[in-house]
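Chemist:
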Ligand SMILES: [Zn+2]
């Protein structure tokens, strides 16, 4: 495991456990995880980690921490815990949602969470059948059914499906789930890294390449304007090769000034990997020795598949 870096991937870190997202870490779990990581591993800043990996002087058992999307609890909860544990982290931000935005998946989840209804007919959102919402377990199941049903819809159809769902659920949705621009600035001022994650968080493969590129550029430019310097790293929304991004996106990013990009493919990072397909790993609520074992094992998990020029995605090609 010499000269290997394991990059961890987080999203939200709410103050309390979320009954509708049973796998989600919360403040207490995150604190425990940081303690374990500090004790058994060398938690490094992602910038330093990538530089040291390239120079061949990574410390042993090097681990870097990243967050995707830009949730407000990253500032309110995760930052406090990171500072307390003296752990650096990098936050990949989808810039359209700063200052009061809400991502489609949260519109869906919060609609299911807040509705007073006990059953939900799916006709209104263009699906068949109905869902029971009487118990917490019903609602977890409803979310697990609905997210994959709308995730890969064409982007405007996806937004319209979740907007209709919110109307059918008759709920008032929160507008404070994501960070403000000022909170991003304070993450950066606290020494944390900020990376690009597009502006509207599209599935890049669902867009014509030119639209995908302009979404990436808008996100990059918004961060540059906010922080006074271009983001060095990028993370692909959703992050699975062939499903969310393809070879052509890996080719465009260096031209846009990025130095490396991260996926959600599982495995460690080393110098031999293509810089625009660096894998990351996620651990949900695992803590203690189980976490130690899982992180240790990731130092031996090599990603198996990389983008090839002939794997142009048909969705893009056919347009
Ligand atoms: Zn994301």
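Residue numbers (the working numbering): 72 to 390. In this text, a Cβ means the ideal position worked out from N, Cα and C, and glycines have one as well.
(1) Under 8 angstroms, do residue 334 and residue 298 count as touching if we go by C-beta distance?
(2) Could you give the distance in angstroms between the alpha-carbon of residue 140 and the alpha-carbon of residue 343?
(3) Look up residue 201 in the DSSP assignment and give the residues it is bridged to.
(4) With DSSP collapsed to three states, give me the class of residue 80.
(5) Should residue 148 go down as buried or exposed, given a rule of 16 or more other Cβ atoms within 10 Å for buried?
(6) Sort out for me which residues DSSP pairs residue 331 with in a bridge.
(7) On a Cα-Cα basis, can you pick out the residue from 101, 337, 370, 323 that is closest to residue 347?
(8) Can you check which of these residues, 350, 75, 223, is closest to residue 131 by C-alpha distance?
(9) If you run the structure through DSSP and keep just helix, strand and coil, what is residue 140?
(10) Is residue 110 buried or exposed, if buried means 16 or more other CB atoms sit within 10 Å of its CB?
(11) Entirely within the stretch 254–300 and at least 4 residues each: give me those alpha helix (DSSP H) ranges in chain order.
(12) In the DSSP assignment, what residue or residues form a beta bridge with residue 249?
(13) To the nearest angstrom, how far is the alpha carbon of residue 242 from that of residue 186?
(14) Report all residues from its chain with a CB closer than 6 angstroms to the CB of residue 89; omit the five preceding and five following residues, and keep chain order.
(15) Quickly, what does DSSP pair residue 113 with across the bridge? List them, please.
(16) Note down the Cα distance separating residue 225 from residue 234, rounded to an integer number of angstroms.
(17) Put residue 312 into one of helix, strand or coil per three-state DSSP.
(18) Residue 161 lies in the alpha helix (DSSP H); which residues open and close that run?
Modeler: Put simply:
(1) no
(2) 28 angstroms
(3) 192
(4) strand
(5) buried
(6) 304
(7) 323
(8) 75
(9) strand
(10) exposed
(11) 280–298
(12) 142
(13) 6 angstroms
(14) 95
(15) 133
(16) 14 angstroms
(17) strand
(18) It is not in any alpha helix (DSSP H) - residue 161 instead sits in the beta strand (DSSP E) that spans 161–164.
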